[in-house]
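**Q**
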Amino acid sequence: MNVTGKVFKYGDNVDTDVIIPARYLNSSDPKELALHCMEDIDKEFVNNVKTGDIIVATKNFGCGSSREHAPISIKACGVSCVIADTFARIFYRNSINIGLPIMECPEAAYAINAGDEVTIDFDSGIITDVTTGQSFKGQPFPEFMQKIINSDGLMNYIKNK
Amino acid sequence: MGMTMTQKILAAHAGLESVVAGQLIEADLDLVLGNDITSPVAIKEMEKMNLNSVFNKDKIALVPDHFVPNKDIKSAEHCKCVREFALKNDITNYFEVGQMGIEHALLPEQGLTVAGDVIIGADSHTCTYGALGAFSTGVGSTDMAAGMATGKAWFKVPSAIKFNIIGKPSKWVSGKDVILHIIGKIGVDGALYKSMEFVGEGIANLSMDDRFTIANMAIEAGAKNGIFPVDDKAVAYMKEHSKREFKIYEADADAVYDEEITIDLSTLRPTIAFPHLPENTKTIDEITEPVKIDQVVIGSCTNGRIDDLRIAAEVLKGKKVAKGMRLIVIPATQNIYLQAMDEGLIRTFIEAGGIVSTPTCGPCLGGYMGVLAEGERCVSTTNRNFVGRMGHITSEIYLASPAVAAQSAIDGIISAPNA
C-alpha cells in the first residue's frame, strides 16, 4: 500500500498534551478531537492539513499521557502516516491498535523538510521525498501489525480473526 | 542467560521458562485499570465488537478521578458511561466519588496491587505499582478493552537499566528529588521502551511513599516500567493493605542490563524541573535568579500521599503563604484525607492560607481546580510540565517535591527549607 502527502514537520518530544490538550478530553468523539489536533504546538495545523498528509518529527514523538485520543485525533484529521526517529512506547502501541500507520526512520526524520511531498510504500518500508528526490529505507511493519492496520485497528482484527 | 526482575514476572505470566529482551509474548493479566477519560473509549471499543462480558469482574478496576467530581456536562456523561458499564458487569472494584481517590494512590491502598502481578492500566502512570515489585505499565484504551475482554495483553519483553541506589538522603530530600535527578541525568527518552530496575542498599532508606513517587515517574524517562525489589518495608505495606497473596521475584545474578547507573542519595539536593520538560532539572543551589510563583499545587498520583502531606505541613506549620499566592492541597484518596484530618494537617494548610480539595487529578492536566492563566507560574508536585499542561500555553510549571512546593508557597519564589 502506498500513501502520498505533504509534510508537517516537528521536533523532539512532541507530547500528547500538545497533540490533544486535556481541556478537550471531556469528549471522545474523533471528529470533535480532530478540530483541536496539535493546537498547542501548531494552531494552523487543523486549517492546513489535508487527507493523506504526513507528520514527520524527530525524537520521542507522543511522549506523556497514554490518551488514545492523541493518535485518534491525528487519524481523524486524515493524516496517513507519522514518521519519527523514535516514538514513545504507549503512543506507538496506541497508533497500531487504532490503525494509524507510524514508522521509525531516523534518516527520514531528520532529512525531510516541512512542506515536502513524500510517498511511503508500507510493504517495502521505502520512504521517498518527492521534493528532494531522496529516498530512505524504513522498517516495514511485521505481518501482524500490517494486518491490524489493514483491519482498521486491533479490535476489528480480533473480531475478524 | 539470566533474567531481570521484570523479565521473570513476564515469563511466569506467559507460561514460559524464560524470555529474552525483544521477544513478543502474550501475558495473563492480574488487573486491568481505567479512569473516566480512558474507559469510555475502551467501553465503546468493546461495544463495537459486541463483547458483552468481561474476563473477570474482580480483576478490573474502574476509577473515575480525572474530572471527578464532574466538572461539566460532557465529563458527567463520561462518568455516567463508566458507572453504567460497572453496574452492568458487576465490576467489584468500581469506586464512586465517595470511595474514590487518584487511581495510583488508591489501588495499592486498597490492596489491589501486589508483588509479582502483571497489571495494565489505561493511564500512563500505571507504572506506579512497580514500587511493590509488580510489573505494571500504561497502555491506551484499545489495549484496556482487549484486556477487559480477554484477560491478556501482548508485550515486547523490555531490556533494562539498573539503578544502584546507595546512601541516605538528607532531611528535605525525598523520592521526588531522586526521580527528577535521574530524569535530568538520562533524559525524557533515556529509558525508552526499557525497564528501570532499582536495586541497592540505599532503597532501605526510602519510604514506600518515596518508592511510589519514583516508580510513578518512570514513564517520564520513557520507560515501560519501573520496579523495586520486595524488602521488609514492601512486605509490611502489602500485609497491612492487602489480603491477596503476593509473589516475590528477584533478578538473576547474571541478568543482563543495557546500562548500570549508581545514585548516591546522600549527594542529592532538592531538585526542580523547569519548563517545559521533566528533564530540565536544576538543584535548588543552581537557581541564581529568583523565580516568582503565582500558584502551588501539592497533590497528584505522584505526591498526594500521607508522607507528602506530612512534609508539606511540617514546612507550613505556623506560617502564611505569600501575598497573592494560591496554595492548593489535594489529598490523593479519601483515606489519606481522613488521616490528614486526624493528624491536624488539613488545619495547618487552611491556617497557612491554602485550600484543600477532595481527591482529583484536576489541576495536573489542566482540567479544573487550578487552571493557569496567561504567563502564570506554578510550582507543582505533579509529574509533567509540558507546554499548556496546566492551562494557558504561556504558563509555566516547575515540578518539585512537597517540601520545595510548601516553602515556595511561603516565600512566593522557588525555594527549599533550610536543612
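So the protein sequences, as listed, match chains A and B. For the first sequence, this note's numbering gives the first residue as 345, with consecutive numbering after it. For the second sequence, this note's numbering gives the first residue as 3, with consecutive numbering after it. Ideal Cβ positions, reconstructed from N, Cα and C, are used throughout, including at glycine.
1. May I ask you to list the residues that DSSP assigns as paired with Met198(B)?
2. Listing by chain order, which chain B residues have their CB less than 7 Å from the CB of Gly497(A)?
3. What do you get for Gln409(B), buried or exposed, if any count of 16 or more other CB atoms within 10 angstroms of its CB means buried?
4. Could I get the ranges of all uninterrupted beta strand (DSSP E) runs contained in the stretch 227-269 of chain B, with 3 residues as the minimum, in chain order?
5. What is the DSSP secondary structure of Arg213(B), reduced to helix, strand or coil?
6. Quick one: Cα of His2(B) to Cα of Glu105(B), how far?
7. Using a Cβ cut-off of 8 Å (strictly closer), state whether Glu199(B) contacts chain A.
8. Could you name the residues of chain B that Asp361(A) contacts, counting a contact when the two beta carbons are closer than 9 Å?
9. As a quick exercise: from Lys173(B), Ala217(B), Met210(B) and Gly186(B), pick the residue whose alpha carbon is nearest that of Glu199(B).
10. Is there a C-beta anywhere in chain B that falls below 8 Å from the one on Leu377(A)?
11. Can you tell me the Cα-Cα spacing of Ile289(B) and Phe276(B), whole angstroms?
12. Under a CB-based cut-off of 8 Å, is Leu369(A) close to chain B?
13. Kindly indicate if chain B contains any beta-carbon less than 8 Å away from that of Ala455(A).
14. Output needed in chain order: residues of the stretch 21-39 of chain B with a Cβ under 8 Å from some Cβ in chain A.
15. If you check the beta carbons only, do Val462(A) and Ile398(A) fall under 8 Å apart?
16. Given a cut-off of 8 Å on the beta-carbon distance, is the pair Ala453(A) and Ile427(A) in contact?
17. Apart from the five residues just before and just after Gln483(A), which ones in its own chain have a Cβ nearer than 8 Å to its Cβ?
18. For Ile362(B), count neighbouring Cβ atoms within 10 angstroms of its own Cβ and tell me buried if that reaches 16, exposed if not.
19. Does the beta carbon of Ser410(A) come closer than 8 Å to any beta carbon on chain B?
20. Return the residue from the list Ile167(B), Glu378(B), Val65(B) and Gly24(B) that minimises the CA-CA distance to Thr269(B).
21. Count the other CB atoms within 10 Å of the CB of Pro292(B); is the residue buried (16 or more) or exposed (fewer)?
22. Where does the unbroken beta strand (DSSP E) through Phe157(B) begin, and where does it stop?
23. Report yes or no: do the stretch 394-414 of chain A and the stretch 347-357 of chain A share at least 3 C-beta pairs separated by less than 8 Å?
24. So which of Lys387(A), Leu444(A) and Asp429(A) has the shortest CA-CA distance to Thr422(B)?
**A** If we stick to the structure as given:
1. Start at 1 with the first residue of the second sequence, and residue 198(B) comes out as number 196. Answer is Ile163(B) and Gly228(B), bridged to Met198(B).
2. Numbered from 1 along the first sequence, position 153 holds the residue referred to as residue 497(A). Per Cβ cutoff of 7 Å: Thr144.
3. Looking up residue 409(B) in the second sequence gives position 407. That one is buried.
4. 227-229 and 261-266
5. By 1-based counting over the second sequence, the position of residue 213(B) is 211. When DSSP states are grouped into helix, strand and coil, Arg213(B) belongs to the helix group.
6. Since the displayed chain B opens at 3 and closes at 421, residue 2(B) lies outside it and no answer follows.
7. Position 197 of the second sequence, counted from the start, is the residue given in the question as residue 199(B). No, Glu199(B) lies away from the interface with chain A (no Cβ there is under 8 Å from its Cβ).
8. Mapped onto the first sequence, residue 361(A) falls at position 17. Those are Leu367, Gly368, Arg386, Phe388, Val389, Gly390 and Arg391, listed as they occur along chain B.
9. Walking along the second sequence from the start, residue 199(B) turns up at place 197. Nearest to Glu199(B) by C-alpha distance, out of Lys173(B), Ala217(B), Met210(B) and Gly186(B), is Ala217(B).
10. As a first step, residue 377(A) must be located in the first sequence, where it is residue number 33. No, Leu377(A) lies away from the interface with chain B (no Cβ there is under 8 Å from its Cβ).
11. Taking the second sequence and counting its residues from 1, the one referred to as residue 289(B) is at position 287. Taking the second sequence and counting its residues from 1, the one referred to as residue 276(B) is at position 274. Rounded to whole angstroms, Ile289(B) and Phe276(B) show a C-alpha spacing of 10 Å.
12. Start at 1 with the first residue of the first sequence, and residue 369(A) comes out as number 25. Answer yes: the Cβ-Cβ gap between Leu369(A) and chain B drops below 8 Å somewhere.
13. In the first sequence, the residue the question calls residue 455(A) occupies position 111. It does not: the Cβ of Ala455(A) has no partner Cβ on chain B nearer than 8 Å.
14. Ile39
15. By one-based count along the first sequence, residue 462(A) stands at place 118. By one-based count along the first sequence, residue 398(A) stands at place 54. Going by C-beta atoms, Val462(A) is nearer than 8 Å to Ile398(A).
16. Taking the first residue of the first sequence as position 1, residue 453(A) is located at position 109. Taking the first residue of the first sequence as position 1, residue 427(A) is located at position 83. Yes, they are a contact pair.
17. One-based indexing of the first sequence puts residue 483(A) at position 139. Answer for Gln483(A): Met447, Glu448, Cys449 and Gly469, listed in chain order.
18. The residue given as residue 362(B) occupies position 360 in the second sequence. Per the sequence presented here, residue 362(B) reads as Thr, with Ile not at that position. With a 10 Å radius around the Cβ and a threshold of 16 neighbouring Cβ atoms, Thr362(B) comes out buried.
19. As a working note, residue 410(A) is residue 66 in the first sequence. Closer than 8 Å: yes.
20. By 1-based counting over the second sequence, the position of residue 269(B) is 267. Considering only alpha carbons, the answer is Ile167(B).
21. Taking the second sequence and counting its residues from 1, the one referred to as residue 292(B) is at position 290. Exposed, because fewer than 16 other Cβ atoms sit within 10 Å of the Cβ of Pro292(B).
22. Within the second sequence, numbered from 1, the residue matching residue 157(B) stands at position 155. Where Phe157(B) is concerned, the enclosing beta strand (DSSP E) stretches over Lys154 to Lys158.
23. yes
24. Nothing can be reported for residue 422(B), as the shown portion of chain B is limited to 3 through 421.
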